[in-house]
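Numbering (mature numbering (1 follows the signal peptide of the UniProt record, and there is no 0)), first residue to last: 1 to 545. Even for Gly, the Cβ is constructed at its ideal location relative to N, Cα and C. Following: one structure in structure tokens, then a few remarks.
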Ligand SMILES: O=C1O[C@H]([C@@H](O)CO)C(O)=C1O
């Protein structure tokens, strides 16, 4: 089946948290419409850029784009940006059931609201390893009142201007900023707007709900809970999980989960849905919604104080959840037992010519003018640096627990070229930031693949000991994974999808500041590129409108 969508993307004033802000909408909505499809369907999205003075590109997060690497939607990597007034057609197959996302992949445009969810259902007659009465989805985002441009310019400035903590957490596009806070411009904030009534999920007592929860926060790591209700985690990034029960779900930007919730509590009242920022010492108020037991009024305030949520600085419960996620026993994809190449990636905050940047192995990523996919396919190798980035860092001498002795890094737009059909291990190694006694959580997202999650550890990864403890039996496969403060995360994937793929921190400002790398594999196997992705840099000459 072909599912055809026509989208118009434009700026509109919206007040998702009662505060009026210029937001990017799709067909008038932010979050955009949920794409619903069945495994094997072809999705066609005709995107009209009506942003007037701003380019765009849209990434289909979690969709591997097998055979269609040009439809991945990563500006600078797989395509040129779509210029204002143009319409770009994305066409790809959703080959696996599960919960996925879509969002802008151009500058820091995502956080202006250009984002949504993709729900891929199992084919008729296929039974999932769990049952439920209703299927609902919730996108979690954080929300800033400053524009993307103001933020991006600050990050790229000397002196550095940090974006700070978000003003609100939105539950499926709804939040509530305190309009009576002292410095708030009362002409822009209106607490009585229908747009910012709380998110409500109405449930029938006794029924079981599958909640598909995705996070596309710009910065925040979140904890999500429904007051007084346990949640059974059953899916992560499109893969069935060996079920486990949580009271609160930790979710990082770029991840999706399905949880089952049974409406089995006192049905005469409503309950709070609550999201809290964790991992950063944030003053952002918890995002609140209402878990509404029918037939109570959907906006009737629960009689209780909203749950406070976990402590922001407790890492152990977050690591424990990461470790608990294993493949469902009937759906195990056994990983290759050995790998052909190991790339250790040290994550650091650095200075480059005084500017604040993030780096991998001391190299801060810069986007080229000619997208790699086009440059590589058409042999325009002079358009980016050819010396490959390093596969490791100075293990012996680098102290991950302290501010680096030398905080300076270099920038490069070079890429990792992977031998086709080989098995690659990535070790994400966290470290101290430029602030003493501080290490942040980074959610890393891989385009074009799922990887096996082989293990997590504290401190410095030890190549001769730690691989012995890898889970090679039932690891979950994911496309986004956190590296916890001062810790490491080990991944394995097969370089078997011809194309050029980004792998980056999903924190919007961190990727903007260089926290990412690019992999190429099997470029010679990529089919003829559509000319619609061309037109920028040296690809101008191939562009045929
Ligand atoms: O990139 C970042 O910069 C700030 C801080 O380190 C400097 O202000 C922060 O918290 C980040 O994640």
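DSSP state of residue i mapped onto helix, strand, coil
| i | result |
| --- | --- |
| residue 533 | helix |
| residue 289 | strand |
| residue 372 | helix |
| residue 523 | helix |
| residue 564 | No information on residue 564 is available, as it lies outside the stretch 1 to 545 that the chain covers here. |
| residue 215 | strand |
| residue 538 | helix |
| residue 468 | helix |
| residue 387 | coil |
| residue 109 | helix |
| residue 162 | coil |
| residue 61 | strand |
| residue 377 | helix |
Residue i - containing beta strand (DSSP E), residue span
| i | result |
| --- | --- |
| residue 225 | 221-226 |
| residue 274 | 271-278 |
| residue 85 | Element bounds for residue 85: n/a, residue is neither H nor E. |
| residue 487 | 487-494 |
| residue 143 | 134-143 |
| residue 33 | That residue, residue 33, is in no beta strand (DSSP E); it is neither H nor E in DSSP. |
| residue 236 | 231-236 |
| residue 301 | Where residue 301 is concerned, there is no enclosing beta strand (DSSP E), given that its DSSP letter is neither H nor E. |
| residue 1 | Here residue 1 belongs to no beta strand (DSSP E), and DSSP marks it neither H nor E. |
| residue 171 | 168-171 |
Status (buried if at least 16 other CB within 10 Å, exposed otherwise) for residue i
| i | result |
| --- | --- |
| residue 329 | exposed |
| residue 235 | buried |
| residue 231 | buried |
| residue 323 | exposed |
| residue 210 | buried |
| residue 28 | exposed |
| residue 186 | exposed |
| residue 162 | exposed |
| residue 35 | buried |
| residue 246 | buried |
| residue 367 | buried |
| residue 540 | exposed |
| residue 146 | exposed |
Reference residue i, options the options, closest by Cα
| i | options | result |
| --- | --- | --- |
| residue 4 | 404, 24, 91, 365 | 91 |
| residue 306 | 349, 290, 315 | 290 |
| residue 355 | 107, 145, 152, 65 | 152 |
| residue 419 | 170, 493, 396, 469 | 493 |
| residue 26 | 11, 487, 36, 39 | 11 |
| residue 517 | 132, 243, 166, 74 | 74 |
| residue 174 | 60, 378, 399, 18 | 18 |
| residue 521 | 303, 199, 423, 288 | 423 |
| residue 374 | 135, 82, 528 | 528 |
| residue 459 | 448, 334, 432 | 432 |
Delimiting residues of the alpha helix (DSSP H) encompassing residue i
| i | result |
| --- | --- |
| residue 446 | Here residue 446 belongs to no alpha helix (DSSP H); instead the beta strand (DSSP E) covers 442-446. |
| residue 318 | 316-324 |
| residue 154 | 148-155 |
| residue 511 | 508-512 |
Cβ-Cβ distance between residue i and residue j below 7 Å
| i | j | result |
| --- | --- | --- |
| residue 258 | residue 212 | yes |
| residue 96 | residue 41 | no |
| residue 251 | residue 219 | no |
| residue 514 | residue 341 | no |
| residue 254 | residue 445 | yes |
| residue 66 | residue 497 | yes |
| residue 24 | residue 113 | yes |
| residue 453 | residue 411 | no |
| residue 369 | residue 537 | yes |
| residue 108 | residue 396 | no |
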